[in-house]
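Q:
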DNA sequence: AAAAAATACGACCGGTCGTTCTATTATCTA
DNA sequence: TAGATAATAGAACGACCGGTCGTATTTTTT
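Chains as they are written, first to last, in the numbering used here: chain Y, 20 to 217; chain U, 20 to 217.
Encoded structure:
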């Protein structure tokens, strides 16, 4: 009862880390068990199936994203400042959450976009949530009169996601050391354009 | 000699298509052989290793991208018009090239960013090429006086890649029917901002 | 038409995959 | 502390993995 919860947590953390490197599908139970000094069957007993493990990994990562990125940003007062904080933290989140293989949601998106199933469904739901959060923060800045009223918040969220994605690819695949800088420049430009002329 | 080349081409086409759905790693020789009505060993004989097959798939896809996206755009006169054509074609390229699982370069980027090897190296080279092409077309529009001189072409290329990526994710994962529209809006805004004030 | 070369096949290798079952050990509760 | 329960290990499963090899068949060249 108690011990089980603890090891289950450790398994999820290890699985999450490994899944950022190998993907949700590339992650294998044997390898994970080795890495955690557990038997494959002992590990497996905590999850009904590998598919279920994948879903739980996504949930665990989403919880951490909320802790590290979303909630701290939502504490910031001010419309544009809150948005900036949100995006900044989101840009840094692969590092802050110590995901050695980069953001798991990026990896999972490419992996699952053609594989129907519970894992894909959960990922889609989480991604939608993320975009809605972004859009809501944009809308709030609008309502506070800091951003132009004629903007479509969802369009802005769409474009911000683009910056996050290209930054991730530049960092992880191209190993571009200036990716974060470029991303911030892009955000600057986007916000400058979105700012209400006073 | 002659026949070998033909079947090798058919294998690559099938492998490319399948790899867009399953990933370069998820693609298996057995499944591919079944799909092509070939024996696994007969298929394998055309490639020294699976790794080599992956590299050749990437090359084949890059050739098609050049055919379908790059070269037609480079025929267009005018600075901004050429850039627009390039981006428009790039946005549509997963469909035009009949990649049932979406752009293979997007899938491969997430899959290979943590797997050193020849496939990763080739992918990085091709991605760099793509960005350079984008940047070059931007620079040309600058030199023609159509876009602002103080723009960094590589920064613009970085941001355009972001639009391509978020569009891809919106289409393939979120099944958003308005993704292409949103992407075009984003490009509009980016170009409006980049245009030289006359 | 015969010889040479290229191509494809089928059987098989050692390994690993996710999963199941049973047995044993550790933990928690009364 | 005894008994119930939860947690883990170990062995085994059928399926499939990438890859090898010898052989049969087809294609090309002579």
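We treat Cβ as the ideally placed atom computed from N, Cα and C, and that holds for glycine.
Could you work out which residues of chain Y lie near residue 185/U, taking near to mean beta carbons separated by less than 9 Å?
A: To locate residue 185/U, count along the second chain from 1; it is residue 166. Result: 177, 178, 179, 180, 181, 182, 183, 184, 185.
Q: What are the start and end residues of the alpha helix (DSSP H) that includes residue 107/Y?
A: Translated into the one-based positions of the first chain, residue 107/Y becomes position 88. Note, residue 107/Y: alpha helix (DSSP H), 98-115.
Q: Please list, in chain order, all residues of the same chain as residue 160/Y whose beta carbon is under 6 Å from its beta carbon, the five residues on each side excluded.
A: On the first chain, residue 160/Y is found 141 positions in, with the first residue counted as 1. These residues qualify, in order along the chain: 98, 99, 102, 166.
Q: Just the chain U side, please: which residues come within less than 9 Å of residue 143/Y by C-beta, in chain order?
A: Counting from one through the first chain, the residue named residue 143/Y turns up at place 124. Per Cβ cutoff of 9 Å: 192, 193, 194.
Q: With 16 as the cutoff for other CB atoms within 10 Å, does residue 200/U come out buried or exposed?
A: Residue 200/U sits at position 181 when you count from the first residue of the second chain. Exposed, since its Cβ has fewer than 16 Cβ neighbours within 10 Å.
Q: Taking only the alpha-carbon atoms, compute the straight-line gap between residue 65/U and residue 81/U and give it to the nearest angstrom.
A: Position 46 of the second chain holds residue 65/U. Position 62 of the second chain holds residue 81/U. Each residue's alpha carbon lies about 20 Å from the other.
Q: Output, in chain order, the set of chain Y residues within a Cβ distance shorter than 7 Å of residue 146/U.
A: Position 127 of the second chain holds residue 146/U. The answer, in chain order, is 192, 193.
Q: Compute the distance between the beta-carbons of residue 149/Y and residue 181/U, then report whether it is under 8 Å.
A: Position 130 of the first chain holds residue 149/Y. Position 162 of the second chain holds residue 181/U. No, these two residues do not count as a Cβ contact at 8 Å.
Q: Can you give me the Cβ contacts of residue 1/Y inside the same chain, cut-off strictly under 7 Å, excluding the 5 residues immediately before and after it?
A: Outside the displayed span of chain Y (20 to 217) sits residue 1/Y, for which this structure offers no information.
Q: Which residue or residues does DSSP assign as beta-bridge partners of residue 84/Y?
A: For this step, residue 84/Y is matched to residue 65 along the first chain. DSSP lists no partner for residue 84/Y.
Q: Residue 125/Y CB to nearest chain U CB: under 8 Å?
A: Locating residue 125/Y in the first chain gives position 106, counting from the first residue. With 8 Å as the cut-off, residue 125/Y counts as an interface residue toward chain U.
Q: Please tell me whether residue 31/Y and residue 79/Y are closer than 8 Å, where the distance is taken between their beta carbons.
A: For this step, residue 31/Y is matched to residue 12 along the first chain. For this step, residue 79/Y is matched to residue 60 along the first chain. Against a cut-off of 8 Å, the Cβ pair of residue 79/Y and residue 31/Y comes out as a contact.
Q: Of all the residues that make up the segment 20-44 of chain U, which are near chain Y by a beta-carbon distance shorter than 9 Å?
A: Under the 9 Å Cβ criterion, the segment 20-44 of chain U contributes 39, 40, 41, 42, 44.
Q: Excluding the 5 residues flanking residue 178/U on each side, which residues of the same chain have their C-beta closer than 7 Å to its C-beta?
A: Residue numbering aside, residue 178/U sits at position 159 when the second chain is read from its first letter. Same-chain partners within the cutoff: 209.
Q: Counting only beta-carbon separations shorter than 8 Å, does residue 136/U have a partner in chain Y?
A: Residue mapping note: residue 136/U aligns to position 117 of the second chain, counting from 1. Chain Y, which has no Cβ nearer than 8 Å to the Cβ of residue 136/U, makes this no.
Q: Kindly list, in the order they appear in chain U, the residues whose Cβ is closer than 7 Å to that of residue 204/Y.
A: Here the question's residue 204/Y lines up with position 185 in the first chain. Those within 7 Å of residue 204/Y in chain U are 174.
Q: Answer with buried or exposed for residue 60/Y, where buried requires no fewer than 16 other C-beta atoms within 10 angstroms of its C-beta.
A: As a first step, residue 60/Y is located in the first chain; it is residue number 41 there, counting from the start. It is exposed - the Cβ of residue 60/Y has fewer than 16 other Cβ atoms within 10 Å.
Q: Using 8 Å as the cut-off, can you tell me whether the segment 37-44 of chain Y makes contact with the segment 115-130 of chain Y, which would need three or more C-beta pairs spanning the two stretches below that distance?
A: Verdict: yes, contact present.
Q: Suppose the cutoff is 7 Å on Cβ atoms and the five residues either side in sequence are ignored; what does the same chain contact list for residue 44/Y look like?
A: Against the first chain, residue 44/Y aligns to sequence position 25. Result list for residue 44/Y: 130, in chain order.
Q: Measure the alpha-carbon distance for residue 86/U versus residue 108/U and round it to whole angstroms.
A: Counted from its first residue, the second chain places residue 86/U at position 67. Counted from its first residue, the second chain places residue 108/U at position 89. If I take the Cα positions, the gap works out to 11 Å.
Q: Who are the neighbours of residue 121/U on chain Y, taking C-beta pairs under 9 Å?
A: As a position in the second chain, residue 121/U is number 102, starting the count at 1. Those are 129, 132, 133, listed as they occur along chain Y.
Q: Going along chain Y, which residues have a C-beta under 7 Å from residue 201/U?
A: Locating residue 201/U in the second chain gives position 182, counting from the first residue. By Cβ distance, chain Y contributes 174, 177.
Q: Please classify residue 120/Y: is it buried, with 16 or more other beta-carbons within 10 angstroms of its beta-carbon, or exposed?
A: By 1-based counting over the first chain, the position of residue 120/Y is 101. Flag for residue 120/Y reads buried.
Q: Kindly indicate which residue of 191/U, 163/U, 196/U, 146/U has the alpha-carbon position closest to the one of residue 188/Y.
A: Numbered from 1 along the first chain, position 169 holds the residue referred to as residue 188/Y. Looking at the Cα atoms, 146/U is the closest of the given residues.
Q: Out of curiosity, what's the CA-to-CA distance linking residue 83/U and residue 42/U?
A: Locating residue 83/U in the second chain gives position 64, where the first residue counts as 1. Locating residue 42/U in the second chain gives position 23, where the first residue counts as 1. Each residue's alpha carbon lies about 18 Å from the other.
Q: Straight-line CA distance for residue 117/Y to residue 110/Y?
A: Residue numbering aside, residue 117/Y sits at position 98 when the first chain is read from its first letter. Residue numbering aside, residue 110/Y sits at position 91 when the first chain is read from its first letter. Distance between the alpha carbons of residue 117/Y and residue 110/Y: 13 Å.
Q: Mapping the DSSP letters down to three states, classify residue 166/U as helix, strand or coil.
A: Indexing the second chain from 1 puts residue 166/U at position 147. Residue 166/U falls in the strand class under three-state DSSP.
Q: What are the partner residues of residue 214/U, as DSSP defines its beta bridges?
A: If you number the second chain from 1, residue 214/U lands on position 195. In DSSP, residue 214/U forms a bridge with 166/U.
Q: Roughly how far, in whole angstroms, is the beta-carbon of residue 72/Y from the beta-carbon of residue 34/Y, given that I think they are within contact range, below 8 Å?
A: Position 53 of the first chain, counted from the first residue, corresponds to residue 72/Y. Position 15 of the first chain, counted from the first residue, corresponds to residue 34/Y. Contact holds; Cβ gap of about 6 Å.
Q: Output yes if chain U places a C-beta closer than 8 Å to the C-beta of residue 207/Y; else output no.
A: Sequence index remark: in the first chain, residue 207/Y carries index 188 (1-based). No, residue 207/Y lies away from the interface with chain U (no Cβ there is under 8 Å from its Cβ).
Q: Taking its Cβ as the centre, do 16 or more other Cβ atoms sit within 10 Å of residue 135/Y, making it buried, or is it exposed?
A: In the first chain, counting from the first residue as 1, residue 135/Y sits at position 116. Exposed is the call here.
Q: Write down the C-beta distance between residue 175/Y and residue 213/Y rounded to the nearest angstrom, noting that I regard them as a contact closer than 8 Å.
A: Reading the first chain from its first residue, position 156 is the one you call residue 175/Y. Reading the first chain from its first residue, position 194 is the one you call residue 213/Y. Going by Cβ atoms, the distance from residue 175/Y to residue 213/Y rounds to 6 Å, so yes, they are a contact pair.
Q: Among the candidates 93/Y, 62/Y, 216/Y, whose CA atom is the shortest distance from the CA of residue 154/Y?
A: Working through the first chain from its first residue, we reach residue 154/Y at position 135. The residue with the shortest Cα to Cα distance from residue 154/Y is 93/Y.
Q: So is residue 99/Y in contact with chain U if we call contact Cβ pairs under 8 Å?
A: Position 80 of the first chain, counted from the first residue, corresponds to residue 99/Y. No, residue 99/Y lies away from the interface with chain U (no Cβ there is under 8 Å from its Cβ).
Q: Closest to residue 216/Y by C-alpha separation, out of 192/Y, 207/Y, 168/Y, would be which residue?
A: For the purposes of this step, residue 216/Y is taken as the residue at position 197 of the first chain. Out of 192/Y, 207/Y, 168/Y, 168/Y has the C-alpha closest to the C-alpha of residue 216/Y.
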